[in-house]
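Chemist: Each residue of the sequence shown is one higher than the one before, starting from 103 at the first, in our numbering.
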Amino acid sequence: MKAHESSPREAFDRDGYCVVAGLLDAATVAAGRAAIERLVTPSTPESVTYIWGSRRQTRTPGVFIPELDEIALRPRVLEAVAPMIDGPFRLGGTPIVVVTFRGKVGGNAQDDNWIGHLDGLPTEPFEKIAHQRASLWVAFADVAPTGGAMTVVPGSHRHVHQRVAADPAWVERRRKENQYTRQDGIEGMAWNPVEITCKAGDGFFYYGHSVHSASDNRLEQPRIVALYNYVSRAAFPATQEALAKEFSPEHLKGMSPAMRRMVGAEG
Ligand SMILES: O=C(O)CCC(=O)C(=O)O
103 MKAHESSPRE AFDRDGYCVV AGLLDAATVA AGRAAIERLV TPSTPESVTY
153 IWGSRRQTRT PGVFIPELDE IALRPRVLEA VAPMIDGPFR LGGTPIVVVT
203 FRGKVGGNAQ DDNWIGHLDG LPTEPFEKIA HQRASLWVAF ADVAPTGGAM
253 TVVPGSHRHV HQRVAADPAW VERRRKENQY TRQDGIEGMA WNPVEITCKA
303 GDGFFYYGHS VHSASDNRLE QPRIVALYNY VSRAAFPATQ EALAKEFSPE
353 HLKGMSPAMR RMVGAEG
């Protein structure tokens with residue numbers, strides 16, 4: 103990294119997302135992709151995946167793909183996660199697969215009809231919560247412009263946190279109206295949604311209190327990603343209760359010893 107470039111953590115803090123290149127080699131990408139494609143197709147039923155337009159997201163913890171577990175243990179992946187979380191961490195959930203096939207989801211930045219949302223409103227300051235978890239999305243196929251990429255308004259999390267701290271009426275309204283558009287954004291926030299594009303094998307981190315959303319996929323190539331949620335062991339201890347919510351009994355039972363340690367179920 104050159105002196106003037108920001109670290110992934112600095113970029114994440116500033117923009118609410120950051121891309122980390124080259125987490126997986128081509129063989130791992132191909133094997134992971136094949137496992138995903140065996141389960142998720144345009145006709146996978148709603149009992150297996152949540153359906154949002156042409157986007158399919160596996161229903162976890164019941165649905166899991168054992169072949170994806172081992173990726174959570176890869177040194178290159180852990181090296182990318184380590185600076186994003188303060189202190190020791192564990193994998194705090196079943197890897198979630200998201201595939202966006204060609205078709206409509208949340209609009210496109212290019213058409214200026216994209217609609218962002220927040221994954222809930224923050225109840226604590228960014229500085230306190232941002233590095234308690236890291237939501238790492240790993241790409242199993244190239245994610246090209248207009249190819250269904252996660253789209254984010256860079257820096258929007260700052261505006262969200264400021265509003266939450268200063269404006270109870272805004273919070274009240276935004277609890278009910280969780281749609282952000284150019285016409286109905288956040289005062290002071292530039293409306294410049296950016297697609298998070300990357301190559302197969304790359305990963306990106308994103309912050310759910312940024313204005314973000316999936317976008318339409320206009321390409322033939324599906325957008326194929328798996329989401330690994332790492333959490334601070336101190337903030338989210340691996341209690342029996344937590345593990346029971348995060349992983350199915352069948353998944354826990356079939357895990358390798360190393361994977362059990364990674365999720366915090368070593369006992
Ligand atoms: O699929 C994506 O890229 C974004 C999904 C999304 O908007 C969300 O998880 O809240």
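Each residue gets a CB set at the ideal place from its N, CA and C atoms; glycine is no exception.
(1) Using three-state DSSP, classify Trp272 as helix, strand or coil.
(2) Taking the alpha helix (DSSP H) that Arg135 falls in, what are its first and last residues?
(3) Could you check whether the stretch 309–325 touches the stretch 199–219, counting it as contact only if at least three pairs of C-beta atoms, one from each stretch, sit closer than 8 Å?
(4) Can you tell me where the beta strand (DSSP E) holding Gln159 begins and where it ends?
(5) Could you round the C-beta distance between Leu193 and Met357 to whole angstroms and report it? I think they count as a contact, below 8 Å.
(6) State buried or exposed for Gly222, treating a residue as buried only when at least 16 other CB atoms are found within 10 Å of its CB.
(7) Mind checking which residues open and close the beta strand (DSSP E) that includes Ala346?
(8) With a threshold of 8 Å, establish whether the CB of Trp239 neighbours any heavy atom of ligand 1.
(9) Just grab the DSSP bridge partners of Ser334 for me.
(10) Measuring straight from C-alpha to C-alpha, what distance separates Val131 and Gln159?
(11) Of the choices Ser108, Ala360, Ile326 and His353, whose alpha-carbon is the least far from that of Val201?
(12) Does the Cβ of Arg320 lie closer than 8 Å to at least one heavy atom of ligand 1?
(13) Is the separation between the beta-carbon of Pro270 and that of Phe203 shorter than 9 Å?
(14) Could you compute how far the alpha carbon of Met186 sits from the alpha carbon of Cys120?
(15) Name the residue from Ala128, Lys355, Trp272 and Pro247 whose alpha carbon lies nearest to the alpha carbon of Ile173.
(16) So does Gly290 have its beta carbon nearer than 8 Å to some heavy atom of ligand 1?
(17) Under 8 Å from any heavy atom of ligand 1, does the C-beta of Glu251 make it?
(18) Run through the DSSP bridge pairs and tell me what Thr253 is partnered with.
(19) For His106, count neighbouring Cβ atoms within 10 angstroms of its own Cβ and tell me buried if that reaches 16, exposed if not.
(20) Among Arg176, Leu175, Gly287 and Leu141, which residue has its Cα nearest to the Cα of Val165?
(21) Buried or exposed: which applies to Ala232, given that a residue is buried once 16 or more other Cβ atoms fall within 10 Å of its Cβ?
Modeler: Inspection of the coordinates gives the following:
(1) Mapped onto the sequence shown, residue 272 falls at position 170. Three-state DSSP puts Trp272 in a helix.
(2) Numbered from 1 along the sequence shown, position 33 holds the residue referred to as residue 135. Here the alpha helix (DSSP H) through Arg135 covers Ala128 to Leu141.
(3) yes
(4) In the sequence shown, counting from the first residue as 1, residue 159 sits at position 57. Element bounds for Gln159: Arg157 to Thr160.
(5) For the purposes of this step, residue 193 is taken as residue 91 along the sequence shown, with counting starting at 1. For the purposes of this step, residue 357 is taken as residue 255 along the sequence shown, with counting starting at 1. Contact flag wrong, Cβ pair sits at about 10 Å.
(6) As a working mapping, residue 222 is identified with position 120 in the sequence shown. Burial call: exposed.
(7) One-based indexing of the sequence shown puts residue 346 at position 244. Unbroken run through Ala346 is the alpha helix (DSSP H), Gln342 to Glu348; no beta strand (DSSP E).
(8) As a working note, residue 239 is residue 137 in the sequence shown. Placement of the Cβ of Trp239 at a distance of less than 8 Å from at least one heavy atom of ligand 1 is found.
(9) Position 232 of the sequence shown, counted from the first residue, corresponds to residue 334. Answer is Phe191, bridged to Ser334.
(10) Locating residue 131 in the sequence shown gives position 29, where the first residue counts as 1. Locating residue 159 in the sequence shown gives position 57, where the first residue counts as 1. Using only the alpha carbons, I get a separation of about 19 Å.
(11) Position 99 of the sequence shown holds residue 201. When only C-alpha atoms are compared, the closest one is Ile326.
(12) Position 218 of the sequence shown, counting from 1, holds the residue named residue 320. Outside the cutoff, so no.
(13) For the purposes of this step, residue 270 is taken as residue 168 along the sequence shown, with counting starting at 1. For the purposes of this step, residue 203 is taken as residue 101 along the sequence shown, with counting starting at 1. For Pro270 and Phe203, no; Cβs fall outside 9 Å.
(14) Translated into the one-based positions of the sequence shown, residue 186 becomes position 84. Translated into the one-based positions of the sequence shown, residue 120 becomes position 18. Approximately 10 Å between the Cα atoms of the pair.
(15) Locating residue 173 in the sequence shown gives position 71, counting from the first residue. Out of Ala128, Lys355, Trp272 and Pro247, Ala128 has the C-alpha closest to the C-alpha of Ile173.
(16) Taking the sequence shown and counting its residues from 1, the one referred to as residue 290 is at position 188. Incorrect: Gly290 has no Cβ contact closer than 8 Å to ligand 1.
(17) Counting from 1 along the sequence shown, the entry for residue 251 is found at position 149. It is worth fixing the name first, because residue 251 is Ala in this sequence and not Glu. Answer for Ala251: yes, Cβ within range of ligand 1.
(18) If you number the sequence shown from 1, residue 253 lands on position 151. Answer is Glu297 and Ser315.
(19) Locating residue 106 in the sequence shown gives position 4, where the first residue counts as 1. Flag for His106 reads exposed.
(20) As a working note, residue 165 is residue 63 in the sequence shown. The shortest Cα separation from Val165 among Arg176, Leu175, Gly287 and Leu141 belongs to Leu141.
(21) Translated into positions along the sequence shown, residue 232 becomes position 130. Buried, by the Cβ-count rule.
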